[in-house]
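A.B. asks: First residue of the sequence shown? That's 0 in numbering that gives the first Met the number 0, and the numbers climb one at a time after it.
Using N, Cα and C, we set each Cβ at its ideal position, and we do this for glycine too.
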Amino acid sequence: MKTLMIASLLAATALPAFAQDQNQNQNRAQASATFVNQAGEENGKATLTETPGGVLIELEVTGLPAEQWVAFHVHETGTCDAQTGHESAGGHFNPTDASHGYLAEGGPHAGDMPNQWVDAGGTLRAQVFNAMVSLDGDNAIRGRALMIHGGEDDYISQPTGDAGDRQACAVID
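Here it is, written out as structure tokens:
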């Protein structure tokens, strides 16, 4: 009986803490993005959540080159025009004029993020954290674009990492 009472008390005190955590997450700034492929067809979604130290990006995108690493970046312009091969999104987001890549002297820039693995079915599912950006304010990415390239980023070639064609683009709303 004593054990049951202690367990009940612990559960009762844990509920307000859980509810508080849920409320804090609901109060964080969020954004969404819808990916379009090279044909301009919708092929994925992303949810972006502001944290005290950066932005958490959760994404799922289909129709990508299967079983390989692909580059994932933030691009400077929030336009995804498939007719231009998504060139409309401009270059990588680079507010400090840093070098491109994790392996480059003076890099990385704010739009650089790690390569992501695409499964055998051509689907990329990931949660990526970027500590160099925010949704709003300094180094804001709201209104810019997320980009998935057709090859992996070599983390050193300037200015884009030799990452290949732009496969999927999403404007951050």
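Whole angstroms is fine: what's the gap from Ser87's alpha carbon to Asn26's?
C.D. replies: Distance between the alpha carbons of Ser87 and Asn26 is about 33 angstroms.
A.B. asks: Give me the DSSP bridge partner(s) of Asp199.
C.D. replies: A question about residue 199 goes unanswered here, because the residues of the chain that appear run from 0 up to 172.
A.B. asks: For the segment 30–39 against the segment 100–112, are there 3 or more C-beta pairs whose distance is under 8 angstroms?
C.D. replies: No, the segment 30–39 is not in contact with the segment 100–112.
A.B. asks: Between the segment 117–125 and the segment 54–72, do three or more beta carbon pairs fall short of 8 angstroms?
C.D. replies: The segment 117–125 is in contact with the segment 54–72.
A.B. asks: Just mark Glu40 as buried or exposed, buried being the case when its beta carbon has 16 or more other beta carbons within 10 Å.
C.D. replies: Exposed, by the Cβ-count rule.
A.B. asks: Quick check on the burial criterion: 16 or more other C-beta atoms within 10 angstroms. Buried or exposed for Glu75?
C.D. replies: Label assigned to Glu75: buried.
A.B. asks: Please confirm whether Leu134 and Val60 have their CB atoms less than 8 angstroms apart.
C.D. replies: Contact: no.
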